[in-house]
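Novice: Those protein sequences? They're chains A and B, same order as listed. Per my numbering: the first sequence ends with 495, consecutive numbering throughout. Per my numbering: the second sequence ends with 590, consecutive numbering throughout. Glycine included, every Cβ here is placed at the ideal spot set by N, Cα and C. Computed from a predicted structure; not experimentally measured.
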Amino acid sequence: MSELNKLTLADARDKLRAGDVTSVELTESCLKAIDKAGALNAFVHKTPEIALEQAKAADVRIKAGDAPAMCGLPVGIKDLFCTKGVPSQAASAILEGFKPEYESTITSKLFDAGSVMLGKLNMDEFAMGSSNETSVYGNAVNPWRREGSDADLTPGGSSGGSASAVAADLCLAATGTDTGGSIRQPAAFTGTVGIKPTYGRCSRWGVVAFASSLDQAGPMTKSVRDAAIMLEAMCGHDEKDSTSADLAVPNFEAMLTGDIKGKKIGIPKEYRMDGMPAEIEKLWENGQAMLKDAGAEIVDISLPHTKYALPAYYVIAPAEASSNLARYDGVRFGHRATLDAGDGITEMYEKSRAEGFGHEVQRRVMVGTYVLSAGFYDAYYNRARRVRALIKKDFDDVFAAGVDAILTPATPSAAFGLGEMTDADPVQMYLNDVFTVTVNLAGLPGISVPTGVDAQGLPLGLQLIGRPWEEGDLLNTAYALEGAAGFVAKPGQWW
Amino acid sequence: MSIDTKTAAKVAKLARIKVEDEALPALANEFNTILGFIEQLNEVDVEGVEPMTSVTPMRLKRRVDVVTDGGQQDKVLKNAPDAREGFFAVPKVVE
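As structure tokens, then:
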């Protein structure tokens, strides 16, 4: 059987259970696809030996009838997740050679469920970026290209390697993480599905920290059904993460009925930005029509503080990053600079961090240091946290008024060219997250669903935002949208 | 609020990141762009609003204050750039 790597999680699971394929066959098919896809630079640490060993063990379990949903399914793991004995670098030079002595909770859960790890995936350094261009491994490349062009495009970021790998069928699905849009924006840029669950759904233990009050992991998949299957395997309470929610994890897949009759879908007027491309506007209108046709009620809503989400984010996220990244000191793990005679411990810190952190990471750490420094803490950091409270209240009010989900564009444009933003100032790049960052600030679940292509044939996505802890309902609305949009385009294979 | 090279140097020092003198003007410039963007927050009326500490209204879990882990010195030191005799080694700190 050929091209097993192109299966969805759901189809592969069903075939495994029916005995039509083995996990070893699925895994070998993916490993072969990965070896041919060097040009995408998605997998940066391959783990074929681990994969085949896990696949063999999974086949035994499946035969014995002990097969959880993810059993035997080959996936890719973002480099931000600590995986025991396997390089886990967060795409940073400062963690070169770092091999954790422990396993992150999420990868543990996936492995306990029988999942197969194909390797580690490219990303922006410490998840700071929207184009995968800040990675120490070099750019990950989008398998999609503009019609009639062979220019390399960004797969988005920070989970760019995950998005590229899933879109190019190098794995059946991948883990991602999302601090300001890092799952949903790359998913939109690559015609894949990505969900960031409610803050607290997925344990952050063993995931290299960027901004702890915003970071959440989630699955990146080929379909909404797959997102439901994989999310369920990733979620759950974890004593090792004090912010992990002690709530039962529902069977998300069972909630995919496609019936959204009577659901109230909010359309926030503040997301209609000046200068929004006409095709994004059209995509959004089409999405509204699809949900309406499916029986949902479309209502206009207002989220008045939307405009202030990005500026608040660019205070809070760097502040938390400056604190989290203080641990990279050249003492306990990671890179230590070669010191000159007479250099003391301060020079060791300063040189190690200057050599180990890339430019964007240095910039964010220093911005964070500044907004937390004496004299500015109130003016910047505390003000941003107050604005964050108002942003969350905007959503609380809308949900209290009976809205079930909110529909917005996922990104302000389709994937752009690698290198195209090099000369832009940092704020231009930050604007990529304008539609997604509010969701992190409010701790809500959000999902990106591919619903169309632009004039150049590139995929575009819409975002649905749900009520806290109601990922099941959100996934069902996304399932209805996915079904109505019928997005089936795949990138032509050039790599 | 404008950041000059002197402030940029101070921030780099606080962040323990070595920045060469010739790179300071460009860094100050980038800070100013980002801080200019952040200034928008001053338009918001935040009177009487508490700064958010937790995005979900939950009480952090507590556990019994007992040792749950330990005895893995070799694992802890495994990734250290310089470990000697069971310790992390650093340049001389105390004269």
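Where does A:GLN463 fall in DSSP's three states?
Specialist: Of the three classes helix, strand and coil, the one that applies to A:GLN463 here is strand, per DSSP.
Novice: Taking only beta carbons into account, state which residues of the stretch 337-355 of chain A come closer than 9 Å to chain B, listed in chain order.
Specialist: Hits within the stretch, in order: ALA337, LEU339, ASP343, GLY344, ILE345, THR346, GLU347, MET348, TYR349, GLU350, LYS351, SER352, ARG353, ALA354, GLU355.
Novice: Nearest CA to the CA of A:VAL427: which residue from A:PRO311, A:GLY194, A:TRP284, A:LEU458?
Specialist: Per the Cα distances, A:PRO311.
Novice: Does the beta-carbon of A:HIS305 have 16 or more other beta-carbons within 10 angstroms, so that it is buried, or is it exposed?
Specialist: The residue in question, A:HIS305, is buried, as its Cβ has 16 or more Cβ neighbours within 10 Å.
Novice: Counting Cβ pairs, one atom from each stretch, are 3 or more of them under 8 Å apart for the stretch 475-488 of chain A and the stretch 447-457 of chain A?
Specialist: Verdict: yes, contact present.
Novice: Under three-state DSSP, which class holds A:GLY472?
Specialist: Of the three classes helix, strand and coil, the one that applies to A:GLY472 here is helix, per DSSP.
Novice: Applying a beta-carbon distance threshold of less than 9 Å, which residues of chain A neighbour B:ALA504?
Specialist: By Cβ distance, chain A contributes nothing, its closest Cβ being about 11 Å from B:ALA504, past 9 Å.
Novice: Can you find the residues in the same chain that come closer than 6 Å, C-beta to C-beta, to A:TYR308, ignoring five residues on each side of it along the sequence?
Specialist: So the list reads VAL387, once near-sequence residues are dropped.
Novice: Helix, strand or coil: which one does DSSP assign to A:MET366?
Specialist: In this structure, A:MET366 counts as helix in the three-state DSSP scheme.
Novice: So, under 8 Å CB-CB, A:ALA405 and A:SER223 are touching, yes? Tell me the CB distance rounded to an integer number of Å.
Specialist: The Cβ separation is near 18 Å, so there is no contact.
Novice: Which residues of the stretch 292-323 of chain A have a Cβ closer than 8 Å to any Cβ of chain B? Give them in chain order.
Specialist: Here the close residues are HIS305, LYS307, TYR308, LEU310, PRO311, ALA312, TYR314, VAL315, SER322.
Novice: Answer yes or no: does any C-beta atom of chain B fall closer than 9 Å to that of A:ASP329?
Specialist: With 9 Å as the cut-off, A:ASP329 counts as an interface residue toward chain B.
Novice: Identify the continuous beta strand (DSSP E) that holds B:VAL571 and give its terminal residues.
Specialist: First-last for B:VAL571: 568-572, but that is the alpha helix (DSSP H), not the beta strand (DSSP E).
Novice: Within the same chain, show all residues whose beta-carbon is closer than 8 Å to that of A:PHE416, passing over the 5 residues directly before and after it, in chain order.
Specialist: So the list reads SER131, LEU153, THR154, once near-sequence residues are dropped.
Novice: So that I know if they touch, is there some Cβ in chain A lying closer than 9 Å to that of B:VAL571?
Specialist: Yes, because at least one Cβ of chain A sits closer than 9 Å to the Cβ of B:VAL571.
Novice: Based on the DSSP secondary-structure assignment, which residues constitute the bridge partners of A:MET220?
Specialist: The partner list for A:MET220 (beta bridge, DSSP) reads A:ALA174, A:GLY194.
Novice: Which residues mark the beginning and the end of the alpha helix (DSSP H) in which A:LEU52 is found?
Specialist: A:LEU52 -> alpha helix (DSSP H) spans 48-63.
Novice: Please list, in chain order, the chain A residues whose beta carbon lies closer than 7 Å to that of B:PRO520.
Specialist: Residues of chain A passing the Cβ test: none, with the nearest at roughly 14 Å.
Novice: Can you tell me whether A:ALA39 is helix, strand or coil according to DSSP?
Specialist: It is helical.
Novice: Taking its Cβ as the centre, do 16 or more other Cβ atoms sit within 10 Å of A:MET1, making it buried, or is it exposed?
Specialist: The pLDDT assigned to A:MET1 is 48, lower than 50, so where the model puts this residue is not dependable; a value taken from the coordinates is nonetheless given after this. Exposed: under 16 other Cβ atoms inside 10 Å.
Novice: Measuring only the C-alpha atoms, how far is A:LEU444 from B:ARG579?
Specialist: Cα-Cα distance, rounded: 47 Å.
Novice: Please compile the residues from chain A whose C-beta is within a distance smaller than 8 Å of the C-beta of B:VAL561.
Specialist: Under the 8 Å cutoff, chain A gives no residues; its nearest Cβ is about 13 Å from B:VAL561.
Novice: Quick one: is the Cβ of A:LEU291 within less than 8 Å of any heavy atom of the ligand SAH?
Specialist: For the ligand SAH, the structure offers nothing, since it holds no ligand at all.
Novice: With DSSP as the reference, label A:THR83 as helix, strand or coil.
Specialist: Strand at A:THR83.
Novice: Could you work out which residues of chain E lie near B:GLN535, taking near to mean beta carbons separated by less than 8 Å?
Specialist: Structure shown: chain E not included; protein chains present are A and B.
Novice: Can A:LYS78 and A:GLY161 be called in contact, C-beta distance under 9 Å?
Specialist: For A:LYS78 and A:GLY161, yes; Cβs fall inside 9 Å.
Novice: In the DSSP output, which residue or residues are listed as bridge partners for A:VAL299?
Specialist: Note: A:VAL299 sits in a beta bridge opposite A:GLY266.
Novice: Would you list the residues sitting across from A:ILE450 in a DSSP beta bridge?
Specialist: A small correction: the amino acid at residue 450 of chain A is Pro; Ile does not occupy that position in the sequence shown. Answer is A:GLY461.
Novice: If we cut at 9 Å on Cβ distances, does B:GLN567 have a partner in chain A?
Specialist: B:GLN567 counts as touching chain A.
Novice: Hey, B:ILE498 and A:PHE357 are a contact pair by Cβ (cut 8 Å); roughly how many whole angstroms apart?
Specialist: That pair is no contact at about 20 Å.
Novice: For B:ALA510, return the contacting residues in chain A, with the cut-off set at a CB-CB distance below 7 Å.
Specialist: Ordered by position in chain A, the residues that pass the 7 Å Cβ test against B:ALA510 are SER322, VAL365, MET366, THR369.
Novice: Which residues of chain B have a Cβ atom closer than 9 Å to the Cβ of A:LYS99, listed in chain order?
Specialist: Simply LYS573, ASN574.
Novice: If you drop the 5 nearest sequence neighbours on each side, which residues of the same chain put their C-beta closer than 8 Å to that of A:GLY295?
Specialist: Closer than 8 Å at the Cβ level, and outside the excluded window around A:GLY295, lie ASP259, ILE260, LYS261, GLY262, LYS263.
Novice: For the putative contact between A:GLY119 and A:ALA58, defined by C-beta atoms under 8 Å, what is the C-beta separation to the nearest angstrom?
Specialist: Not quite, the Cβ-Cβ distance comes to about 17 Å (not below 8 Å), so this is no contact.
Novice: Under a CB-based cut-off of 9 Å, is B:ARG558 close to chain A?
Specialist: So, interface residue.
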